[in-house]
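Below: one structure, written as structure tokens.
Number of protein chains: 2
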Amino acid sequence: MELPDIHKFPKEKLSQSDIEALEQSAKRARLTALTMVNAAKSGHPGGAFSSMEMFMTVYGVADLTPQNCNDIKRDYVVISHGHTSAGVYGAIAEWGFVPVDEARAHFRQIGSIFQGHVEREVPGIDLGTGNLGQGLSAGVGFALAQRANGHNGRVYVVMGDGGQTKGQIAEARRMAVRHNLTGLVALIDWNDIQLSGKRLDIMPCDIKALWEADGWEAVETDGHSFGAIYEALKDAGRNGKPTVLLCKTIMGKDGLIMEGIADYHGKPVSNDDYAKIAEHLGESADTLTKALEKRKTKPTFTGRKIDFPSAPNIDTGTPFDYEGEKVSDNRGAFGKALADVGKLNYKKDGRTPILVFDCDLVPSVMTGKFRDACPENFIQCGIQEHSVATASGAASLAGVVSLWAEFGVFGIDEVYNQQRLNDINHAGNKTVLTHVGLDVGEDGKTHQCIDYVSLMRNMFGWKLVVPVDPNQTDRVTRWLLKTPGDICMAVGRSKVDGLKYYTGSYTFEYGKADKLREGKDGAIFALGYTAQIALKSAEILSTKGVEVSVYAVSCPLVPDMSAIAEAVKTGHVMTIEDHNVNTGMGAIMALESARKGIVLPKLQTLGVDHYGESGNSDAVRDEMGLSAEKVANSFMEGR
Amino acid sequence: MELPDIHKFPKEKLSQSDIEALEQSAKRARLTALTMVNAAKSGHPGGAFSSMEMFMTVYGVADLTPQNCNDIKRDYVVISHGHTSAGVYGAIAEWGFVPVDEARAHFRQIGSIFQGHVEREVPGIDLGTGNLGQGLSAGVGFALAQRANGHNGRVYVVMGDGGQTKGQIAEARRMAVRHNLTGLVALIDWNDIQLSGKRLDIMPCDIKALWEADGWEAVETDGHSFGAIYEALKDAGRNGKPTVLLCKTIMGKDGLIMEGIADYHGKPVSNDDYAKIAEHLGESADTLTKALEKRKTKPTFTGRKIDFPSAPNIDTGTPFDYEGEKVSDNRGAFGKALADVGKLNYKKDGRTPILVFDCDLVPSVMTGKFRDACPENFIQCGIQEHSVATASGAASLAGVVSLWAEFGVFGIDEVYNQQRLNDINHAGNKTVLTHVGLDVGEDGKTHQCIDYVSLMRNMFGWKLVVPVDPNQTDRVTRWLLKTPGDICMAVGRSKVDGLKYYTGSYTFEYGKADKLREGKDGAIFALGYTAQIALKSAEILSTKGVEVSVYAVSCPLVPDMSAIAEAVKTGHVMTIEDHNVNTGMGAIMALESARKGIVLPKLQTLGVDHYGESGNSDAVRDEMGLSAEKVANSFMEGR
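Line order of the protein sequences matches chains A and B. So for the first sequence, my numbering puts the first residue at 1; every next one is plus one. So for the second sequence, my numbering puts the first residue at 1; every next one is plus one.
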């Protein structure tokens with residue numbers, strides 16, 4: 001019995017034969033899921049079974065097929081409760097995305113794409129998830145990207161009910177309403193059971209009231225009726241609101257002994273029960289035997305590459321030059337360059353749209369000029385950072401350049417896990433952190449982001465640039481907008497000097513340290529704007545007859561080993577950074593040098609070694625021993 | 001005019017003269033706030049003015065005074081919108097917590113306790129805040145601690161309206177209702193203006209509907225009427241629900257030119273305007289002149305020490321011994337020890353209560369035995385990690401031992417910023433991370449917490465212990481329950497061997513590496529359970545005639561430099577860790593050694609150098625090169 005072609009709702013209602021075909025497929029898909037879990041001896045069959053009609057219908061109606069799943073202009077599907085992966089794989093096998101035998105055999109096995117939670121390597125999966133609460137935010141990001149690309153599509157987000165308590169979901173709901181994303185449709189698998197028991201015993205939450213309070217259309221639906229789900233999905237958005245389907249379901253539905261039992265949230269059934277359920281679903285215990293046999297062989301279905309989205313088509317314009325003392329803050333230079341590139345590309349045919357996300361910080365992060373020049377591509381999100389981090393990451397996977405400018409503590413400390421998931425998803429998020437280090441002005445320690453180098457270093461894909469001056473900031477801004485992958489640029493709050501070195505024909509090269517001063521008696525490696533402090537320290541040292549080299553480091557994650565090798569010859573190496581002294585540039589240099597057997601002579605590491613105080617940035621740095629005078633003194637003491 | 005004594009609501013309504021006295025005080029407090037901001041040339045006067053009647057009333061009615069503010073059994077006050085600090089300081093100066101002249105002179109100045117956002121060094125401030133959205137969660141924690149201590153008090157949480165969009169607040173609301181915290185009272189400064197404009201332009205959010213949907217009693221109140229606020233506070237909780245006062249206010253109220261202007265959210269007024277406002281508030285421009293004069297002198301009011309809460313009074317019992325191959329998982333040993341200590345102290349006179357927080361993970365994090373033995377001290381919180389991280393931290397500041405057991409990725413990656421605020425607040429949170437490293441079973445990379453050492457290293461106060469076996473896990477569990485300060489213990493999922501070394505009279509000592517094997521040809525430092533892999537690698541190497549020492553490291557944040565100095569003599573040092581190889585124990589050892597001029601010969605660092613796959617833990621480790629065989633091979637290659 002062939003599955004009916006129901007993509008994009010060709011009919012008002014499903015026919016009886018459509019429903020029969022879907023039901024037959026769902027039986028096979030459930031057995032695929034159960035077989036995967038039993039073959040792997042690990043997985044989550046309960047939710048896989050309760051969500052099955054939702055999965056089958058969504059992948060049926062969505063404008064998302066094995067043929068178009070790598071295109072940009074199409075529908076998107078996010079499975080937020082990623083632990084139901086076996087169920088999702090069962091369903092998409094029915095719709096032809098993956099071979100069913102491969103899925104049944106190679107779940108949660110080394111070398112297989114059918115990993116623990118859904119992942120983008122599998123065609124049909126638009127987002128790797130697994131940490132609850134992020135899916136709806138991603139759906140918002142996809143929908144914003146669709147709109148920016150002039151595509152009037154749908155985004156489906158399937159979620160569990162237990163995770164409805166995560167605060168990030170509420171943030172995403174409000175973003176969707178604020179931006180009028182009527183093509184966004186959420187489906188909740190409402191089975192009232194979660195890992196350790198009944199939902200209402202664990203944490204009551206009035207799901208319907210909350211979605212409605214945030215302005216969504218909430219529709220209660222039988223989550224096991226193909227007809228009901230189809231019709232509700234078809235009608236979604238009709239009232240000009242984003243829509244959530246509250247799908248009443250039974251945990252483990254159609255799984256005999258599994259039905260309604262919390263225990264099967266996360267464990268396989270016994271072999272005996274497997275046999276009974278397999279028979280009930282139209283096959284036999286033999287299905288598992290065959291899967292186990294095939295499991296001994298290597299997976300052959302390798303899925304797809306999920307490398308960073310390819311380089312966007314944008315004109316990055318001509319850099320501005322800044323020269324002079326305290327000529328601009330780096331965030332200001334960023335804001336000007338961003339607006340310049342924005343204007344050059346806004347609504348130009350064939351250009352990749354640039355979306356800029358904001359959390360009520362325009363005057364501080366300097367994105368106002370972009371907002372004024374490109375109003376439709378400026379996305380105001382309110383104070384909802386978790387949701388924004390995920391949404392901007394997802395948007396970057398759907399054909400836009402996606403940039404979020406934010407205070408350091410909110411753009412990475414608060415949303416570290418969201419940025420980690422962006423990394424796992426190989427997103428192309430551009431996060432511009434302002435007010436990093438002690439350079440936050442008077443706000444004090446809760447606002448001092450002194451760990452961004454370390455946090456980025458924990459992830460394997462992110463690039464990080466900490467520019468030295470407004471000239472470099474301008475050039476890095478243009479570079480990052482054009483460069484694929486997750487990239488973070490981090491700048492402080494204060495005005496700094498514009499250095500001649502970075503003007504004119506200077507071109508930014510990722511990973512290169514810049515030698516700003518030559519000296520034979522020692523070398524200072526300085527992170528970002530602290531290179532300007534180091535230059536002043538070097539002048540002070542020079543008056544004492546001590547000549548030091550100064551290397552400006554703007555790419556702390558990739559130490560410039562040739563610069564280090566050169567510096568070592570001076571016999572004295574110092575590092576300075578407006579960052580936790582234990583976890584930043586100095587720590588990275590020490591490790592990479594030790595790995596290569598390079599000894600950093602008389603190594604002195606200066607940086608933030610306690611939470612800073614509140615005061616003007618010069619005073620706060622001075623208290624930390626990071627003024628030019630104190631750095632020079634430290635160098636002399638270390639000789 | 002003396003302020004009336006209204007602590008704990010001695011009367012039904014305020015009298016006319018009470019109100020007049022409060023109004024007069026509020027004028028002075030507003031001028032204190034404005035003077036602070038103008039003297040510092042930095043701060044947030046708008047919200048300070050709009051919240052003033054709320055601040056004055058809350059500090060008036062609360063059972064919180066300069067005399068009892070260091071006690072445990074009293075009311076607690078949390079100011080969630082910490083940027084209104086100048087207003088708070090103005091108000092508490094009126095209630096005698098701090099000297100008004102000191103506050104007016106020394107705001108946001110190095111060496112002063114009156115820092116950028118409210119901080120616990122200031123008497124009357126129960127929580128240092130500044131990152132929006134955390135205050136209500138802290139209030140929940142204080143209320144839970146009060147109850148555990150048998151104290152029937154109130155907790156007041158004052159919040160802004162802009163930050164109402166933060167998802168964490170919704171999580172806290174649900175925790176309060178789930179645990180029936182009717183003494184918890186929230187007040188929202190509803191002035192409809194935030195940093196970059198009008199609240200409804202930035203991110204609409206139906207504040208009242210959301211609080212009600214989560215089960216709170218929401219009361220609309222005139223936020224500038226002392227009488228109305230007093231009466232509403234007095235009535236709070238009457239209907240058996242936690243109560244929120246929606247206080248309608250005017251941004252910059254009573255500040256003439258400031259009224260209703262978003263711009264004064266975060267900047268001082270001009271000197272001319274200051275003079276006009278000062279006169280309007282009953283003083284003159286002279287107030288600022290005096291403050292600026294005094295600002296040139298050193299602050300004399302030093303506030304209070306906020307060292308870690310003192311050691312709790314609990315009986316930690318007698319450790320259990322485990323011996324044999326794969327005798328227990330470390331999380332199981334933790335669960336047993338926790339239940340043992342729980343039982344010994346539960347409802348015993350004079351003992352410090354032990355609260356255990358859970359996010360729907362009992363069967364996985366093994367806190368079920370504690371829950372069964374100490375049901376009233378087990379706090380089920382649902383899948384709401386941000387709120388729990390803050391709540392458990394706050395509870396630890398209010399006279400309980402507060403422990404949260406959680407998967408690594410949710411207990412630190414997802415809530416890194418909340419744990420950072422716990423650190424800044426010198427809390428005594430005990431966070432037990434399970435399923436860390438690749439040892440999460442088949443869940444795959446989204447669930448592999450490979451960065452916990454690095455994240456803890458970013459903070460200055462946290463201790464971290466990664467036990468080697470069930471015996472050490474048992475002993476560390478008992479130790480951390482009794483030891484002040486924020487402490488994290490991190491364990492994997494798999495069963496491991498019980499080592500004789502850690503049985504019997506072995507006592508855990510923070511910072512000491514354990515030499516488990518002696519060898520002259522090299523030394524392996526291994527983090528936590530990977531010491532057991534290292535021991536097996538050492539046996540393999542021994543069959544090749546190579547004898548290596550094995551040092552088990554359970555305290556990676558404090559490298560045992562004497563062990564390192566000893567190991568260096570063997571001429572070959574290797575590190576192994578189930579952690580990001582760039583940011584964990586090896587990185588710390590490399591930096592600390594380089595600082596001391598110690599060269600780690602032939603350093604090899606083994607660990608996680610890409611996101612792991614999904615499979616059983618042995619297979620996943622093997623893929624990463626961390627099996628005993630592959631470690632031994634790597635060592636031979638590095639000779």
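Ideal placement from N, C-alpha and C gives every residue a C-beta, glycine not left out. All of these numbers come straight from a predicted model, not from anything done at the bench.
If you keep only unbroken beta strand (DSSP E) runs of at least 3 residues inside the stretch 331-418 of chain A, you get 354-358, 378-380, 401-407. Not one beta carbon of chain B lies nearer than 8 Å to the beta carbon of A/TYR274. What A/ARG108 touches in chain B, judged by beta-carbon distance under 8 Å, is GLU442, GLY444, SER614, GLY615, going in chain order. At least one CB of chain A lies nearer than 8 Å to the CB of B/ILE383. Separation of the CB atoms of A/MET366 and A/PHE407 is rounded to 12 Å, and the pair is thereby denied contact status at 8 Å. Listed along the chain, the chain A residues whose CB falls inside 7 Å of the CB of B/VAL599 are VAL599. Contact annotation: in the stretch 122-150 of chain B, residues whose CB is within less than 8 Å of a CB in chain A are GLY128, THR129, GLY130, ASN131, LEU132, GLY133. Against chain A, the CB of B/SER392 has no partner CB under 8 Å away; the residue lies outside that interface. Within the stretch 324-336 of chain B, no residue has its Cβ closer than 9 Å to any Cβ of chain A. Non-local beta-carbon contacts of A/GLN168 in its own chain, meaning distances under 7 Å to residues more than five positions away in sequence, involve GLY133, GLN134, SER137, HIS386, SER387 in chain order.
Here A/MET1 is exposed. Its C-beta has fewer than 16 other C-beta atoms within 10 Å.
The beta carbon of A/PHE460 falls within 8 Å of a beta carbon belonging to chain B, placing the residue at that interface. Counting the other Cβ atoms within 10 Å of the Cβ of B/ALA587 gives 16 or more, which makes it buried.
Under the 10 Å beta carbon count, B/THR289 is surrounded by fewer than 16 other beta carbons and is classified as exposed. With contacts defined as CB atoms closer than 8 Å, B/ALA86 and B/PRO45 qualify as a contacting pair. Shown here, A/PHE525 sits in a strand according to DSSP, grouped into three states. According to the DSSP assignment, B/TYR264 belongs to no alpha helix (DSSP H), since it is labelled neither H nor E. Using beta-carbon distances, B/TYR416 counts as an interface residue toward chain A, with a partner under 8 Å. Taking C-beta atoms under 8 Å as the contact rule, B/VAL155 and B/LEU184 qualify, at a distance of about 5 Å. For A/TYR611, the nearest beta carbon of chain B is closer than 8 Å to its own beta carbon. Assignment of A/ASP514 by DSSP, reduced to helix, strand and coil, places it in the strand class.
A residue is called buried when at least 16 other Cβ atoms come within 10 angstroms of its Cβ; B/THR84 meets this threshold and is buried. Within the model, the alpha-carbon separation for A/SER51 versus A/THR249 is close to 8 Å. Assignment of A/HIS83 by DSSP, reduced to helix, strand and coil, places it in the helix class. By alpha-carbon distance to B/CYS449, the top candidate from B/ASP578, B/SER196, B/PRO268 is B/ASP578. With 16 or more other Cβ atoms from the protein chains shown falling within 10 Å of its own Cβ, B/GLY393 counts as buried. Unbroken beta strand (DSSP E) runs of no fewer than 3 residues, entirely contained in the stretch 200-253 of chain A, are found at 217-222, 243-248, following chain order. Taking a beta-carbon distance threshold of 8 Å, A/ALA490 does not count as an interface residue toward chain B. Counting along the chain, the unbroken beta strand (DSSP E) around A/GLU325 starts and ends at 324-329. Secondary-structure assignment with DSSP links B/LYS463 through a beta bridge to B/ILE487.
Contact annotation: in the stretch 190-203 of chain B, residues whose CB is within less than 7 Å of a CB in chain A are GLN194, LEU195, SER196, ILE202, MET203. Boundaries for B/MET159: no alpha helix (DSSP H) harbours it, while the beta strand (DSSP E) harbouring it runs 155-160, taken from the DSSP string.
Rounded to whole angstroms, the separation of the alpha carbons of B/ASN458 and A/VAL581 is 9 Å. In this chain, A/HIS280 is not harboured by any beta strand (DSSP E); it is covered by the alpha helix (DSSP H) spanning 271-280.
Closest option to B/LYS27, judged by alpha-carbon separation, among B/ASN422, B/PHE49, B/ILE564, B/VAL58: B/PHE49. Only residues of its own chain outside the window of five on either side were considered, and among them ASP101, ALA105 have a CB closer than 7 Å to the CB of B/LYS294, listed in chain order.
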